[in-house]
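Shown next, in structure tokens, is the structure this report addresses.
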Amino acid sequence: MKKKRRKFTDEFKDEAVKLVLKQGYGISEAARNLGIHANLHGRWKRECEDGGKCGTDTGSAVAMKAELNHLRKENKRLKMEREILKKAATFFAKESG
């Protein structure tokens, strides 16, 4: 006979992850107390950290990732502009010298 697959609400998952992230429980300890497998709890935690489904923290994680991507692009552009300016300065120094 097949076991019926249990379904967990998003609120339950969020609270389970908060036990680890905010209250300092270990994954296996929190999972044992909640009656779930540690691998399942670990997957929920990874999904939360990766900006996935994580209740109220999702918005801030997604916003931080977006800002990080924006800053990386800006940093790349500024480094390129700096290299162009270095080359231009060298060229004009040779011209006037």
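Read in order, the letters of the sequence shown are residues -8 to 88 in our numbering. Just so it is clear, CB atoms sit at the ideal spot from N, CA and C, and this is done for glycine as well.
Item                                                                    : Value
Length of the line joining the Cα atoms of Glu74 and Lys64              : 16 Å
Straight-line gap, Leu25 to Val53 (C-alpha atoms, nearest Å)            : 28 Å
C-alpha distance - Lys36 paired with Glu6, whole-angstrom precision     : 11 Å
Contact check, Ile18 vs His32, beta carbons under 7 Å                   : yes
Nearest-angstrom Cα separation, counted from Lys78 out to Ser87         : 15 Å
Expected contact under 8 Å - CB spacing of Leu12 and Ala21 to nearest Å : About 10 Å separates the two Cβ atoms, so there is no contact after all.
Closest Cα partner of Asn30 within the set Gly15, Val8, Leu62           : Val8
Coarse secondary structure for Asp41, derived from DSSP in three states : coil
Burial state of His70 (16 or more Cβ within 10 Å)                       : Residue 70 is actually Lys in this sequence, not His. Classification for Lys70: exposed.
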